[in-house]
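Trainee: The structure follows.
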Amino acid sequence: MKSLNSIFFRLNFYLISGIILAFNFSLDLQMLALLLFIGLATFVFSFFRSRKLVFDDHWFAFNMAIVVVLLGAFATSMSMPEHLPDHVIHKKGQKQVLQAKVLEEWKPTEKYFRYLLEIEATYENHQTEHIQGKVLLHLPKGTDTLPQPGNHILLPDNLTKAVINDIPGGFDYSRFLKNQKIERVSYLKSSAELFYLPKTDFSFQSLRKKVIKNLENKGLKSKESAILKALLLGERSEISTQLYKNYAAAGAVHILAISGLHIGILLLFLNFLLKPLEKLKHGKILKIILILIILWFFALLTGFSPSVVRAAAMFSFIAIGMQLNRKTRVVQSVLVSLFFLLLLNPYYILQVGFQLSYLAVFGIILFEPKIENLVHPAHKALEYFWKLVSVSIAAQLAILPLSLYYFHQFPGLFLLTNILIIPILAIVLIYGFLVVILASFQLLPGFLLVGLGELLKVMNWIILKIASMENFIWKDIPFSELQLLSAYGILVLLILLLYSKSSRFVIGFLFSILVFQVICLCQLFRNTPDQLLVLDNYNDQIILKKQHQLLTRQFSLYDQNIQNYHRENRIQEMQDLPNTFSFCEENFLILDSAALYTPSEVHFKAIILTNSPQINLDRLISEMQPDELIISAGNYPAFQDRWKRTALKAKIPFHAIAEKGAYILNCD
């Protein structure tokens, strides 16, 4: 395939290299700007020089690579908060009042409603200063008056950094927010701390809420209603935990978030529906204009959420490529969309949905034709069936390494799920699109929603049956960054082999498989250090890891972070952790609410105070003479303050988890 060697692949590779460079190294913005200016000047000179040569100008190609790498690094650095002088992270001074606009409502947690805010200004001593930056606002459940997207509000300046996850290998919520350019969070005790300004902007999120309310008034059942809102409006807050787990186990969780799959199905339907327009003069132009209008109208109905905007932009380029009736044009359209989306917002590359969407599309473009050519069905029905199978395998092959890296599970029945669900999903999306349009104008007849509800009920039933076959769901698969890179090395060489048939790619492909096997063996037999962890925000969780054995108190495998630690360290045995234990040839004592201990001649390196024990710490220190005190975050604040004063008086080092974060001790 010629497009494999096209300039578009190279341009994206260079741009992504520059973006990754900027995210991993602190680069001087002024130096980058100077280098980019020099690079562009040299590029223009080499461009005119290359036009006079009869042979390939390697200097021109090299110069182009350098310029695009610098462009990616510069665009990324320009968008980073640390390089924006008026960003909220640079705000200094006393407590202030902040003005913000409510951008969107996030899915609530067990304790909080969450809202994404854009900070607009700060007020201090009757002076106003413009600042910018995104903040995630948390309001406790039970709050009476809640903000709406488009509201302008005043809130107290209590911004903090998100808590960094202390569990090695656990989900890092702080990094997740940072990847979306959210550098600060705010926790309020009630909505009484908010002041609503009279100004309210139009919000596409409000339009989505209006459509959702019109759908709710028609009385659709809760499970079907939750799935419909997720599929068509991007509203996933009402999906129950169990229903979400069923879709994940069946390998269909991707359909619950509006993405390239949904927009792609809509594009194929519109392309088929509007095909008669091609017979008219300028019909192709009219067709593509109508397709683009409808795609972006759908994005508008979903509230212009970032994932939908990305998918609509990508498939807008694909729609234009499809009208040129050349497959290479479609490939190039995808690559052009990738280039411009990353150039406009380099942070997209850090978002899992963006990565999976483009990998799935590239998988379908590159692998599907080769898989489809393996079988040539004689009948139309079988041809459609095989087409669906080949597309599913191609997409799954492309996203498999990344899925294992992020989610650590593989749904063995993904093919069955896609064969049964994708046709229903296509009908639901097309049918549902009509329902949503009618609901937005309050013209929806009840019988149309009843029919859609029955389709959704069938889809949920199929998902439930597939998810119940637990033997086909492989969970807790360790998959490291090295395994991820080597797996994609195998896929890249496989693509080159499929399209070139060169013997050097055969050797490279086989060698890459060998490298992957070696990495897997190294991961299997690697020895991680023994660890003692006293964690923050996990119910005073205390964990002791010795080789592949885990000793712990208050352990719960339902905690996703603990699951990750369990998987990454290949734990084979679990036991309760006693109050006195040895670690790394040192003794430790845990004092909990029972406050039971016996003075002894055994020397303790540290005493861990947890669950607010009623003790006389002066006497304890006098009797036990520990080297250090570890004060967990779950103790009463008054107890913590008193113990810290006692430790300072006795000149005993202490580690306050609430202030310093988790206590982690390694024993190599």
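Straight run, no breaks: the sequence shown in full-length UniProt numbering ends on number 668. Positions of the beta carbon are idealized from the N, C-alpha and C atoms, including for glycine. This structure is a prediction, so every number in the text was calculated from the model and none was measured.
With DSSP run on the structure shown, which of helix, strand or coil describes residue 618?
Mentor: DSSP places residue 618 in helix when its eight states are reduced to three.
Trainee: Residue 343 and residue 15 look like a contact to me (Cβ under 8 Å); what is the Cβ gap, rounded to whole Å?
Mentor: With 8 Å as the limit, residue 343 and residue 15 qualify as a contact, their Cβ atoms being about 7 Å apart.
Trainee: Can you check the segment 557 to 601 for any alpha helix (DSSP H) of at least 4 residues that lies completely inside it and give the ranges in chain order?
Mentor: Runs found: 560 to 568.
Trainee: Say the cut is 7 Å; is the CB of residue 278 nearer than that to a heavy atom of the ligand ZN?
Mentor: Within the structure as shown, the ligand ZN is missing, as the structure has no ligands at all.
Trainee: Contact defined as beta carbons within less than 8 Å: I believe residue 532 pairs with residue 629. What is the distance between those atoms, to the nearest angstrom?
Mentor: Actually they are not in contact, since the Cβ atoms of residue 532 and residue 629 sit about 15 Å apart, beyond 8 Å.
Trainee: Could you tell me which of 210, 181, 10 sits nearest to residue 332, measuring between CA atoms?
Mentor: When only C-alpha atoms are compared, the closest one is 10.
Trainee: Which residue spans inside the segment 5 to 73 form an unbroken alpha helix (DSSP H) run of at least 4?
Mentor: Runs of the alpha helix (DSSP H) inside the segment 5 to 73: 7 to 24, 29 to 50.
Trainee: Confirm, please, whether the CB-CB distance from residue 617 to residue 646 is below 8 Å.
Mentor: Yes, the Cβ-Cβ distance between residue 646 and residue 617 is below 8 Å.
Trainee: Hey, residue 268 and residue 277 are a contact pair by Cβ (cut 8 Å); roughly how many whole angstroms apart?
Mentor: With 8 Å as the limit, residue 268 and residue 277 do not qualify as a contact, their Cβ atoms being about 16 Å apart.
Trainee: Alpha carbon to alpha carbon, what distance is there between residue 310 and residue 510?
Mentor: If you take the alpha carbons of residue 510 and residue 310, they lie about 36 Å apart.
Trainee: For residue 246, does the three-state DSSP call read helix, strand or coil?
Mentor: Three-state DSSP puts residue 246 in a helix.
Trainee: The beta strand (DSSP E) spanning residue 549 covers which residue range?
Mentor: Per DSSP, residue 549 belongs to the beta strand (DSSP E) from 549 to 553.
Trainee: So, under 8 Å CB-CB, residue 686 and residue 154 are touching, yes? Tell me the CB distance rounded to an integer number of Å.
Mentor: As displayed, the chain neither begins before 1 nor continues past 668, which places residue 686 out of reach and without an answer.
Trainee: Would DSSP call residue 483 helix, strand or coil?
Mentor: In the structure shown, residue 483 sits in a helix (DSSP, three-state: H, G or I).
Trainee: Name the residue from 184, 236, 403, 136 whose alpha carbon lies nearest to the alpha carbon of residue 88.
Mentor: Out of 184, 236, 403, 136, 184 has the C-alpha closest to the C-alpha of residue 88.
Trainee: May I ask you to report which of helix, strand or coil DSSP gives residue 131?
Mentor: Here residue 131 sits in coil by DSSP.
Trainee: Measure the CB-CB distance between residue 101 and residue 120 and report whether it falls below 8 Å.
Mentor: Cβ distance < 8 Å, so residue 101 and residue 120 count as in contact.
Trainee: Quick one: what's got a C-beta closer than 6 Å to residue 335's C-beta in the same chain, skipping five residues either side?
Mentor: Excluding residues within five positions, the ones whose Cβ falls inside 6 Å are 8, 12.
Trainee: What does residue 98 pair with, by DSSP beta-bridge criteria?
Mentor: Bridge partners of residue 98: 122, 155.
Trainee: Just the Cα atoms here: how many angstroms apart are residue 360 and residue 48?
Mentor: Taking the straight line joining both Cα atoms gives about 39 Å.
Trainee: What is the rounded straight-line gap between the Cα of residue 292 and the Cα of residue 301?
Mentor: Distance between the alpha carbons of residue 292 and residue 301 is about 14 Å.
Trainee: Between residue 233 and residue 212, how many whole angstroms is the CB-CB distance? I'm expecting something under 8 Å.
Mentor: Yes, residue 233 and residue 212 are in contact; Cβ-Cβ is about 6 Å, under 8 Å.
Trainee: Do residue 295 and residue 266 come within 8 Å of each other at the CB atom, strictly closer than that value?
Mentor: Yes, the pair counts as a contact, with Cβ atoms nearer than the cut-off.
Trainee: Between the segment 348 to 355 and the segment 27 to 45, are three or more C-beta pairs nearer than 8 Å?
Mentor: No, the segment 348 to 355 is not in contact with the segment 27 to 45.
Trainee: Classify residue 250 as buried or exposed, calling it buried when 16 or more other Cβ atoms lie within 10 Å of its own Cβ.
Mentor: Looking at its Cβ environment, which holds 16 or more other Cβ atoms inside 10 Å, residue 250 is buried.
Trainee: Can you tell me whether DSSP reads residue 183 as helix, strand or coil?
Mentor: Three-state result, residue 183: strand.
Trainee: In the DSSP assignment, find the alpha helix (DSSP H) that holds residue 323 and state where it starts and stops.
Mentor: Its alpha helix (DSSP H) spans residues 306 to 323.
Trainee: Tell me, to the nearest whole angstrom, how far the beta carbon of residue 73 is from that of residue 18; I am working on the premise that it is less than 8 Å.
Mentor: Going by Cβ atoms, the distance from residue 73 to residue 18 rounds to 4 Å, so yes, they are a contact pair.
Trainee: Note the first and the last residue of the continuous beta strand (DSSP E) segment covering residue 665.
Mentor: Here the beta strand (DSSP E) through residue 665 covers 663 to 667.
Trainee: Put residue 660 into one of helix, strand or coil per three-state DSSP.
Mentor: Helix.
Trainee: In terms of residues, what are the limits of the beta strand (DSSP E) holding residue 196?
Mentor: Counting along the chain, the beta strand (DSSP E) containing residue 196 begins and ends at 195 to 200.
Trainee: Is it buried or exposed, residue 142, if we count other Cβ atoms within 10 angstroms and call 16 or more buried?
Mentor: It is exposed - the Cβ of residue 142 has fewer than 16 other Cβ atoms within 10 Å.
Trainee: Please determine, among 634, 563, 566, 587, the residue with the shortest C-alpha to C-alpha distance to residue 593.
Mentor: Comparing Cα positions, the closest option is 634.
Trainee: Does residue 471 pass the burial test, meaning 16 or more other C-beta atoms within 10 Å, or should it be called exposed?
Mentor: With fewer than 16 other Cβ atoms within 10 Å, it is exposed.
Trainee: Let me check understanding here. Comparing Cα to Cα, which of 118, 257, 649 lies closest to residue 236?
Mentor: It is 257.
Trainee: Note down the Cα distance separating residue 415 from residue 145, rounded to an integer number of angstroms.
Mentor: Roughly 46 Å separates the two Cα atoms.
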